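Okay, structure first, notes after.
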Amino acid sequence: MSSIKMFEKPLGMRDTFPDIYEKLELIRSTGRQLLHTRGYEFIKTPSVEYYDTVGKASAISDARLFKLVDSQGNTLVLRPDMTTPIARVATSKLLKEKIPQRLAYFANVFRAQQREGGRPAEFDQMGIELIGDNSVFADAEVIMTAIDLVKGFNITDFKVTIGHAGVLSRILKDYTESEEQALHLNDLLVQRNFVGFEEAVLAFDLPKTKSDALLAYIEEAIRLPSIEAIEKYVRKNDALEYMRSLAKILDAAGYDEYIAFDFTLSSHMSYYTGMLFEVFASGSGFPLGNGGRYDGLLQQFGSQVGATGFGLRVDRVFEAMPKIEIVTDSVLVLFASERFSEALQTVKLLREQGKQVTFQSYEGIENIEALKAHYKIVNEFKSREA
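In terms of my numbering, the sequence shown opens at residue 5 and continues consecutively.
Now the structure itself:
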(Lines of atoms letter the chains of each structure in order from A and count residues from 1; the text may use other names and numbers.)
(Lines give C-alpha, C1' and ligand atoms only; values in the text may rest on other atoms or scores of the structure.)
Protein backbone atom coordinates (compact mmCIF):
# COMPACT_ATOMS: atom_id res chain seq x y z
CA MET A 1 0.00 0.00 0.00
CA SER A 2 1.41 3.41 -0.97
CA SER A 3 1.96 5.91 1.84
CA ILE A 4 -0.38 8.35 0.05
CA LYS A 5 -3.35 5.94 -0.19
CA MET A 6 -2.84 4.84 3.41
CA PHE A 7 -4.19 8.15 4.72
CA GLU A 8 -6.65 9.07 1.98
CA LYS A 9 -10.43 8.66 2.21
CA PRO A 10 -12.84 7.82 -0.61
CA LEU A 11 -14.20 10.82 -2.53
CA GLY A 12 -16.55 12.86 -0.39
CA MET A 13 -15.99 10.95 2.86
CA ARG A 14 -15.04 12.73 6.07
CA ASP A 15 -13.69 11.89 9.51
CA THR A 16 -15.51 13.27 12.55
CA PHE A 17 -13.08 14.13 15.34
CA PRO A 18 -13.98 13.87 19.05
CA ASP A 19 -14.72 17.57 19.68
CA ILE A 20 -17.04 17.81 16.66
CA TYR A 21 -18.65 14.45 17.48
CA GLU A 22 -19.65 15.68 20.96
CA LYS A 23 -21.24 18.79 19.48
CA LEU A 24 -23.16 16.73 16.92
CA GLU A 25 -24.42 14.55 19.76
CA LEU A 26 -25.71 17.70 21.45
CA ILE A 27 -27.63 18.55 18.27
CA ARG A 28 -29.03 15.02 18.19
CA SER A 29 -30.20 15.08 21.81
CA THR A 30 -31.69 18.57 21.51
CA GLY A 31 -33.61 17.60 18.37
CA ARG A 32 -34.74 14.29 19.78
CA GLN A 33 -36.19 15.89 22.90
CA LEU A 34 -38.05 18.56 20.91
CA LEU A 35 -39.51 16.13 18.36
CA HIS A 36 -40.51 13.70 21.09
CA THR A 37 -42.58 16.42 22.82
CA ARG A 38 -44.43 16.93 19.53
CA GLY A 39 -45.53 13.33 19.30
CA TYR A 40 -42.91 12.00 16.86
CA GLU A 41 -41.45 8.55 17.35
CA PHE A 42 -37.92 7.80 16.16
CA ILE A 43 -37.26 5.09 13.62
CA LYS A 44 -34.14 3.49 12.16
CA THR A 45 -33.92 1.81 8.75
CA PRO A 46 -31.08 -0.27 7.24
CA SER A 47 -28.14 1.55 5.67
CA VAL A 48 -28.45 -0.84 2.71
CA GLU A 49 -31.67 -1.19 0.67
CA TYR A 50 -32.71 -2.92 -2.55
CA TYR A 51 -32.09 -0.83 -5.66
CA ASP A 52 -35.30 -2.04 -7.30
CA THR A 53 -37.42 -0.65 -4.49
CA VAL A 54 -35.83 2.20 -2.52
CA GLY A 55 -33.17 3.00 -5.12
CA LYS A 56 -35.60 3.49 -8.00
CA ALA A 57 -38.28 5.16 -5.89
CA SER A 58 -35.84 7.71 -4.46
CA ALA A 59 -35.69 11.15 -6.04
CA ILE A 60 -31.88 11.00 -6.05
CA SER A 61 -30.43 10.53 -9.54
CA ASP A 62 -29.06 7.13 -10.45
CA ALA A 63 -25.56 8.51 -10.94
CA ARG A 64 -25.44 9.60 -7.29
CA LEU A 65 -26.38 6.23 -5.81
CA PHE A 66 -23.78 4.01 -4.16
CA LYS A 67 -24.52 0.58 -5.62
CA LEU A 68 -23.49 -2.84 -4.31
CA VAL A 69 -24.19 -6.41 -5.33
CA ASP A 70 -24.97 -9.04 -2.68
CA SER A 71 -24.02 -12.73 -2.75
CA GLN A 72 -27.34 -13.60 -4.48
CA GLY A 73 -26.70 -11.12 -7.28
CA ASN A 74 -29.22 -8.50 -6.10
CA THR A 75 -28.31 -4.87 -6.68
CA LEU A 76 -28.32 -2.88 -3.45
CA VAL A 77 -27.87 0.80 -2.62
CA LEU A 78 -26.65 2.71 0.39
CA ARG A 79 -29.72 4.71 1.40
CA PRO A 80 -29.63 8.06 -0.45
CA ASP A 81 -32.33 9.68 1.68
CA MET A 82 -34.58 8.74 4.60
CA THR A 83 -37.99 9.61 3.20
CA THR A 84 -38.08 6.69 0.77
CA PRO A 85 -37.05 3.96 3.26
CA ILE A 86 -39.57 5.30 5.78
CA ALA A 87 -42.27 5.23 3.09
CA ARG A 88 -41.38 1.56 2.56
CA VAL A 89 -41.65 0.74 6.26
CA ALA A 90 -44.86 2.73 6.71
CA THR A 91 -46.72 1.09 3.84
CA SER A 92 -45.53 -2.44 4.63
CA LYS A 93 -46.29 -2.38 8.37
CA LEU A 94 -46.79 0.80 10.39
CA LEU A 95 -49.85 2.21 8.63
CA LYS A 96 -51.66 -1.06 9.31
CA GLU A 97 -51.22 -0.42 13.04
CA LYS A 98 -51.93 3.33 13.31
CA ILE A 99 -52.78 6.20 11.00
CA PRO A 100 -51.57 8.87 10.75
CA GLN A 101 -47.97 8.05 11.62
CA ARG A 102 -45.60 10.67 13.03
CA LEU A 103 -42.05 9.40 12.57
CA ALA A 104 -38.68 11.04 13.17
CA TYR A 105 -35.12 10.11 12.35
CA PHE A 106 -31.47 11.04 12.82
CA ALA A 107 -29.43 9.07 10.30
CA ASN A 108 -26.60 9.17 7.79
CA VAL A 109 -27.35 9.11 4.07
CA PHE A 110 -25.05 8.54 1.10
CA ARG A 111 -24.82 10.36 -2.23
CA ALA A 112 -21.90 9.69 -4.56
CA GLN A 113 -19.82 12.63 -5.76
CA GLN A 114 -18.51 12.63 -9.32
CA ARG A 115 -15.60 14.95 -8.59
CA GLU A 116 -13.86 16.55 -5.65
CA GLY A 117 -15.70 19.74 -4.79
CA GLY A 118 -15.79 19.79 -1.02
CA ARG A 119 -19.25 18.24 -0.84
CA PRO A 120 -19.72 15.24 1.45
CA ALA A 121 -20.81 11.88 0.07
CA GLU A 122 -22.06 10.88 3.52
CA PHE A 123 -23.87 13.21 5.91
CA ASP A 124 -26.36 13.15 8.77
CA GLN A 125 -29.97 14.21 8.40
CA MET A 126 -32.58 14.90 11.07
CA GLY A 127 -36.21 15.14 10.13
CA ILE A 128 -39.80 13.99 10.37
CA GLU A 129 -42.44 12.31 8.22
CA LEU A 130 -46.16 12.79 8.87
CA ILE A 131 -47.83 9.98 6.92
CA GLY A 132 -51.56 9.45 6.47
CA ASP A 133 -52.85 13.02 6.82
CA ASN A 134 -53.91 14.85 3.65
CA SER A 135 -54.98 18.04 5.40
CA VAL A 136 -53.43 21.49 5.18
CA PHE A 137 -52.97 21.29 8.95
CA ALA A 138 -50.44 18.49 8.45
CA ASP A 139 -48.36 20.70 6.15
CA ALA A 140 -48.64 23.54 8.65
CA GLU A 141 -47.53 21.23 11.46
CA VAL A 142 -44.47 20.13 9.50
CA ILE A 143 -43.44 23.74 8.76
CA MET A 144 -44.01 24.83 12.37
CA THR A 145 -42.01 21.86 13.63
CA ALA A 146 -39.13 22.76 11.30
CA ILE A 147 -39.18 26.32 12.62
CA ASP A 148 -39.29 25.14 16.24
CA LEU A 149 -36.41 22.78 15.60
CA VAL A 150 -34.21 25.47 14.05
CA LYS A 151 -35.03 27.81 16.94
CA GLY A 152 -34.21 24.99 19.35
CA PHE A 153 -30.67 25.02 17.97
CA ASN A 154 -30.41 28.73 18.94
CA ILE A 155 -30.43 29.84 15.30
CA THR A 156 -32.28 33.16 15.18
CA ASP A 157 -31.58 34.62 11.73
CA PHE A 158 -33.39 32.25 9.36
CA LYS A 159 -36.32 32.07 6.96
CA VAL A 160 -38.55 29.31 5.65
CA THR A 161 -39.35 29.85 1.97
CA ILE A 162 -42.54 28.13 0.80
CA GLY A 163 -43.68 27.32 -2.72
CA HIS A 164 -45.99 24.88 -4.47
CA ALA A 165 -44.89 22.37 -7.10
CA GLY A 166 -48.34 22.30 -8.71
CA VAL A 167 -48.62 26.06 -9.08
CA LEU A 168 -45.16 26.35 -10.63
CA SER A 169 -45.82 23.44 -12.98
CA ARG A 170 -49.09 25.01 -14.15
CA ILE A 171 -47.45 28.36 -14.89
CA LEU A 172 -44.53 26.84 -16.81
CA LYS A 173 -46.89 24.75 -18.93
CA ASP A 174 -49.25 27.65 -19.63
CA TYR A 175 -46.50 29.99 -20.83
CA THR A 176 -44.36 27.62 -22.89
CA GLU A 177 -44.98 25.80 -26.17
CA SER A 178 -43.84 22.28 -25.25
CA GLU A 179 -43.27 19.97 -22.31
CA GLU A 180 -39.52 20.03 -23.05
CA GLN A 181 -39.41 23.80 -22.65
CA ALA A 182 -41.32 23.63 -19.36
CA LEU A 183 -39.02 20.92 -18.01
CA HIS A 184 -35.91 22.87 -19.03
CA LEU A 185 -37.12 25.99 -17.24
CA ASN A 186 -37.98 23.93 -14.17
CA ASP A 187 -34.45 22.45 -14.12
CA LEU A 188 -32.99 25.96 -14.21
CA LEU A 189 -35.17 26.94 -11.23
CA VAL A 190 -33.98 23.87 -9.32
CA GLN A 191 -30.46 25.25 -9.82
CA ARG A 192 -31.69 28.77 -8.88
CA ASN A 193 -30.20 29.89 -12.19
CA PHE A 194 -32.39 32.93 -12.89
CA VAL A 195 -30.04 34.35 -15.51
CA GLY A 196 -30.19 31.05 -17.38
CA PHE A 197 -33.98 31.08 -17.03
CA GLU A 198 -34.26 34.50 -18.69
CA GLU A 199 -31.83 33.49 -21.44
CA ALA A 200 -33.81 30.31 -22.12
CA VAL A 201 -37.12 32.18 -22.30
CA LEU A 202 -35.68 34.53 -24.92
CA ALA A 203 -34.07 31.64 -26.84
CA PHE A 204 -37.37 29.77 -27.09
CA ASP A 205 -38.76 32.54 -29.32
CA LEU A 206 -42.13 32.35 -27.59
CA PRO A 207 -45.07 34.61 -28.41
CA LYS A 208 -44.35 37.99 -26.80
CA THR A 209 -47.26 37.73 -24.37
CA LYS A 210 -45.86 34.47 -23.01
CA SER A 211 -42.22 35.51 -22.81
CA ASP A 212 -43.13 38.82 -21.18
CA ALA A 213 -45.29 37.01 -18.64
CA LEU A 214 -42.51 34.54 -17.75
CA LEU A 215 -39.90 37.28 -17.36
CA ALA A 216 -42.24 39.34 -15.17
CA TYR A 217 -43.15 36.26 -13.18
CA ILE A 218 -39.54 35.36 -12.38
CA GLU A 219 -39.00 38.87 -11.02
CA GLU A 220 -42.14 39.07 -8.92
CA ALA A 221 -42.70 35.52 -7.67
CA ILE A 222 -39.50 35.48 -5.59
CA ARG A 223 -40.74 38.18 -3.19
CA LEU A 224 -44.49 38.07 -3.18
CA PRO A 225 -46.23 40.61 -0.95
CA SER A 226 -49.15 38.18 -0.77
CA ILE A 227 -50.34 34.94 -2.32
CA GLU A 228 -53.03 36.92 -4.15
CA ALA A 229 -50.26 38.62 -6.19
CA ILE A 230 -49.60 35.37 -8.07
CA GLU A 231 -53.17 35.18 -9.41
CA LYS A 232 -52.31 37.34 -12.42
CA TYR A 233 -50.16 34.47 -13.72
CA VAL A 234 -52.33 31.47 -12.95
CA ARG A 235 -56.04 30.75 -12.90
CA LYS A 236 -57.64 30.31 -9.51
CA ASN A 237 -57.37 26.66 -8.52
CA ASP A 238 -57.32 24.33 -5.55
CA ALA A 239 -53.56 24.68 -5.10
CA LEU A 240 -53.80 28.45 -4.60
CA GLU A 241 -56.69 28.03 -2.17
CA TYR A 242 -54.60 25.48 -0.30
CA MET A 243 -51.71 27.91 -0.02
CA ARG A 244 -54.03 30.65 1.25
CA SER A 245 -55.29 28.31 3.95
CA LEU A 246 -51.72 27.35 4.85
CA ALA A 247 -50.71 31.01 5.17
CA LYS A 248 -53.69 31.74 7.43
CA ILE A 249 -52.87 28.81 9.75
CA LEU A 250 -49.22 29.82 10.05
CA ASP A 251 -50.23 33.42 10.70
CA ALA A 252 -52.76 32.41 13.36
CA ALA A 253 -50.12 30.25 15.05
CA GLY A 254 -47.67 33.18 15.20
CA TYR A 255 -45.12 31.85 12.72
CA ASP A 256 -45.61 34.44 9.97
CA GLU A 257 -42.36 36.29 10.80
CA TYR A 258 -40.32 33.23 9.86
CA ILE A 259 -41.91 32.50 6.48
CA ALA A 260 -41.89 33.87 2.95
CA PHE A 261 -43.59 32.64 -0.21
CA ASP A 262 -41.63 31.99 -3.39
CA PHE A 263 -43.49 30.38 -6.28
CA THR A 264 -40.27 29.91 -8.27
CA LEU A 265 -39.15 27.36 -5.69
CA SER A 266 -38.49 23.93 -7.18
CA SER A 267 -36.61 20.88 -5.95
CA HIS A 268 -34.43 18.10 -7.32
CA MET A 269 -36.49 15.84 -5.03
CA SER A 270 -38.99 15.00 -7.75
CA TYR A 271 -41.49 13.26 -5.45
CA TYR A 272 -42.73 16.61 -4.07
CA THR A 273 -46.20 17.10 -5.56
CA GLY A 274 -47.67 19.97 -3.55
CA MET A 275 -46.39 22.41 -0.98
CA LEU A 276 -42.61 22.46 -0.65
CA PHE A 277 -40.21 24.59 1.36
CA GLU A 278 -36.56 25.29 2.12
CA VAL A 279 -34.90 26.60 5.29
CA PHE A 280 -32.26 29.28 4.86
CA ALA A 281 -30.08 30.79 7.60
CA SER A 282 -27.21 33.23 7.78
CA GLY A 283 -23.93 31.44 8.37
CA SER A 284 -24.58 28.70 5.82
CA GLY A 285 -24.14 29.06 2.08
CA PHE A 286 -26.71 26.35 1.37
CA PRO A 287 -30.23 25.58 2.63
CA LEU A 288 -30.24 23.97 6.08
CA GLY A 289 -32.90 21.60 4.81
CA ASN A 290 -36.05 21.19 2.79
CA GLY A 291 -39.42 19.50 2.92
CA GLY A 292 -42.85 19.28 1.43
CA ARG A 293 -45.79 17.09 0.48
CA TYR A 294 -45.00 13.89 -1.41
CA ASP A 295 -48.27 11.97 -1.80
CA GLY A 296 -47.08 10.25 -4.98
CA LEU A 297 -44.17 8.47 -3.29
CA LEU A 298 -46.45 6.37 -1.10
CA GLN A 299 -48.34 5.25 -4.19
CA GLN A 300 -45.16 3.65 -5.52
CA PHE A 301 -45.32 1.33 -2.50
CA GLY A 302 -49.01 0.56 -3.00
CA SER A 303 -50.51 3.02 -0.52
CA GLN A 304 -52.96 5.82 -1.39
CA VAL A 305 -52.37 7.93 1.72
CA GLY A 306 -50.84 11.40 1.75
CA ALA A 307 -47.54 12.32 3.38
CA THR A 308 -45.50 15.39 4.23
CA GLY A 309 -42.23 15.98 6.02
CA PHE A 310 -38.80 17.61 6.06
CA GLY A 311 -35.14 16.87 6.59
CA LEU A 312 -32.35 19.10 7.95
CA ARG A 313 -28.70 18.66 7.04
CA VAL A 314 -26.97 18.37 10.41
CA ASP A 315 -23.61 19.66 9.11
CA ARG A 316 -25.28 22.82 7.80
CA VAL A 317 -27.23 23.28 11.04
CA PHE A 318 -23.90 23.05 12.86
CA GLU A 319 -22.42 25.78 10.63
CA ALA A 320 -25.35 28.12 11.28
CA MET A 321 -25.49 27.61 15.05
CA PRO A 322 -23.79 29.91 17.52
CA LYS A 323 -20.43 28.57 18.64
CA ILE A 324 -20.93 25.62 20.95
CA GLU A 325 -18.74 25.37 24.02
CA ILE A 326 -19.05 22.02 25.77
CA VAL A 327 -17.79 22.34 29.32
CA THR A 328 -16.83 19.08 31.00
CA ASP A 329 -15.22 18.37 34.36
CA SER A 330 -12.36 16.47 32.76
CA VAL A 331 -10.11 14.83 35.31
CA LEU A 332 -6.89 12.91 34.76
CA VAL A 333 -5.88 10.38 37.38
CA LEU A 334 -2.27 9.24 37.02
CA PHE A 335 -1.01 6.34 39.06
CA ALA A 336 2.09 4.32 39.76
CA SER A 337 1.57 0.58 39.53
CA GLU A 338 1.84 -0.07 43.27
CA ARG A 339 -0.91 2.51 43.96
CA PHE A 340 -3.40 1.14 41.42
CA SER A 341 -6.04 0.09 43.98
CA GLU A 342 -5.87 3.35 45.86
CA ALA A 343 -6.16 5.40 42.67
CA LEU A 344 -9.04 3.24 41.42
CA GLN A 345 -11.13 4.10 44.47
CA THR A 346 -10.70 7.79 43.74
CA VAL A 347 -11.66 7.22 40.10
CA LYS A 348 -14.85 5.39 41.09
CA LEU A 349 -15.85 8.18 43.46
CA LEU A 350 -15.29 10.89 40.86
CA ARG A 351 -17.25 9.00 38.19
CA GLU A 352 -20.16 8.53 40.60
CA GLN A 353 -20.18 12.33 40.88
CA GLY A 354 -20.67 12.53 37.09
CA LYS A 355 -17.18 13.68 36.22
CA GLN A 356 -15.34 12.61 33.08
CA VAL A 357 -12.30 10.72 34.38
CA THR A 358 -9.34 9.33 32.48
CA PHE A 359 -7.43 6.63 34.39
CA GLN A 360 -3.84 6.43 33.18
CA SER A 361 -0.72 4.65 34.47
CA TYR A 362 2.64 6.40 34.43
CA GLU A 363 4.09 3.33 32.77
CA GLY A 364 1.96 3.76 29.66
CA ILE A 365 3.07 7.27 28.69
CA GLU A 366 6.32 8.94 27.78
CA ASN A 367 5.51 12.67 27.97
CA ILE A 368 3.59 13.15 31.21
CA GLU A 369 3.48 16.95 31.08
CA ALA A 370 2.08 16.98 27.53
CA LEU A 371 -0.79 14.70 28.58
CA LYS A 372 -1.53 16.69 31.74
CA ALA A 373 -1.96 19.88 29.64
CA HIS A 374 -5.20 18.48 28.17
CA TYR A 375 -7.02 18.24 31.52
CA LYS A 376 -8.46 20.79 33.92
CA ILE A 377 -7.83 18.68 37.00
CA VAL A 378 -5.00 16.20 37.56
CA ASN A 379 -4.78 13.81 40.49
CA GLU A 380 -1.46 11.99 40.78
CA PHE A 381 -0.75 8.83 42.73
CA LYS A 382 3.02 8.71 42.43
CA SER A 383 5.27 5.98 43.62
CA ARG A 384 5.96 6.29 47.33
CA GLU A 385 9.62 5.79 46.53
CA ALA A 386 9.72 8.86 44.21
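The C-beta atom is built at its ideal place from N, Cα and C for all residues, glycine as well.
Quick caveat, the model's predicted, so the values are computed rather than measured.
Keeping to the same chain, check which residues put their C-beta closer than 7 Å to that of residue i; ignore five residues upstream and five downstream.
i, result
"M17", "A125 and E126"
"H179", "The amino acid at residue 179 is misidentified as His; the sequence shows Tyr. K214, A217 and L218, listed in sequence order."
"Y237", "I175, A217 and Y221"
"F290", "R320"
"F198", "I222"
"K376", "L336 and V382"
"Y55", "K71, T79, L80 and V81"
"G306", "T95"
"I151", "V164, Y259 and Y262"
"I328", "K27 and L30"
Measuring CB to CB, does residue i end up less than 8 Å from residue j?
i, j, result
"L417", "G313", "Because the chain is modelled from 5 through 390, residue 417 falls outside the range shown and cannot be assessed."
"E235", "F208", "no"
"L336", "Y379", "yes"
"E282", "L269", "yes"
"F162", "F284", "yes"
"F70", "A111", "no"
"A347", "S387", "no"
"N158", "P326", "yes"
"F267", "L210", "no"
"T41", "P89", "no"
"M130", "G35", "yes"
"I81", "V58", "For the record, residue 81 in the displayed sequence is Val; it is not Ile. Against a cut-off of 8 Å, the Cβ pair of V58 and V81 comes out as a contact."
"A257", "G287", "no"
"I166", "F265", "yes"
"M279", "H188", "no"
"L38", "G156", "yes"
"A61", "Q304", "yes"
"A91", "A311", "yes"
"I226", "A251", "no"
"V73", "G295", "no"
"I132", "Y44", "yes"
For a test of the three-state rule: what should DSSP assign to residue i, helix, strand or coil?
i, result
"T79", "strand"
"I132", "strand"
"S33", "helix"
"V171", "helix"
"F267", "coil"
"E126", "strand"
"F339", "strand"
"S288", "coil"
"E323", "helix"
"R388", "coil"
"L15", "coil"
"K102", "coil"
"E329", "coil"
"Y179", "coil"
"S65", "coil"
"D161", "coil"
"A251", "helix"
"I369", "coil"
"T257", "According to the sequence as given, residue 257 is Ala; it is not Thr. Coil, per DSSP."
"S274", "coil"
Tell me where the alpha helix (DSSP H) around residue i begins and ends.
i, result
"K376", "I372 to K376"
"N383", "From DSSP, N383 is part of no alpha helix (DSSP H) but of the beta strand (DSSP E) over I381 to F385."
"N190", "E183 to V194"
"V146", "V140 to G156"
"V238", "Neither: V238 is in no alpha helix (DSSP H) and is coded neither H nor E."
"K48", "Per DSSP, K48 belongs to no alpha helix (DSSP H) and is neither H nor E."
"S345", "F344 to E356"
"A220", "K212 to E224"
"L206", "F198 to A207"
"I90", "T87 to V93"
"D299", "D299 to Q304"
Would you list the residues sitting across from residue i in a DSSP beta bridge?
i, result
"G293", "V283 and L316"
"A311", "I135"
"I166", "F265 and F281"
"S334", "Q360"
Looking only at its own chain, which residues have a Cβ that is under 8 Å from the Cβ of residue i, when we skip the five neighbours before and after it?
i, result
"G300", "Y275 and T277"
"T20", "L28"
"S249", "V140"
"L153", "G35, L38, L39, M130 and L316"
Quick check on the DSSP output: the beta strand (DSSP E) that includes residue i runs from which residue to which?
i, result
"S365", "Q360 to S365"
"R391", "This structure does not reach residue 391, given that the chain is present from 5 up to 390, and the question cannot be answered."
"E53", "V52 to Y54"
"K71", "K71 to V73"
In chain order, what residues of the same chain have a beta carbon less than 6 Å from the beta carbon of residue i, not counting five sequence neighbours either side?
i, result
"F46", "A108"
"H272", "V194"
"F363", "V337 and V351"
"R32", "F110"
"I330", "E26"
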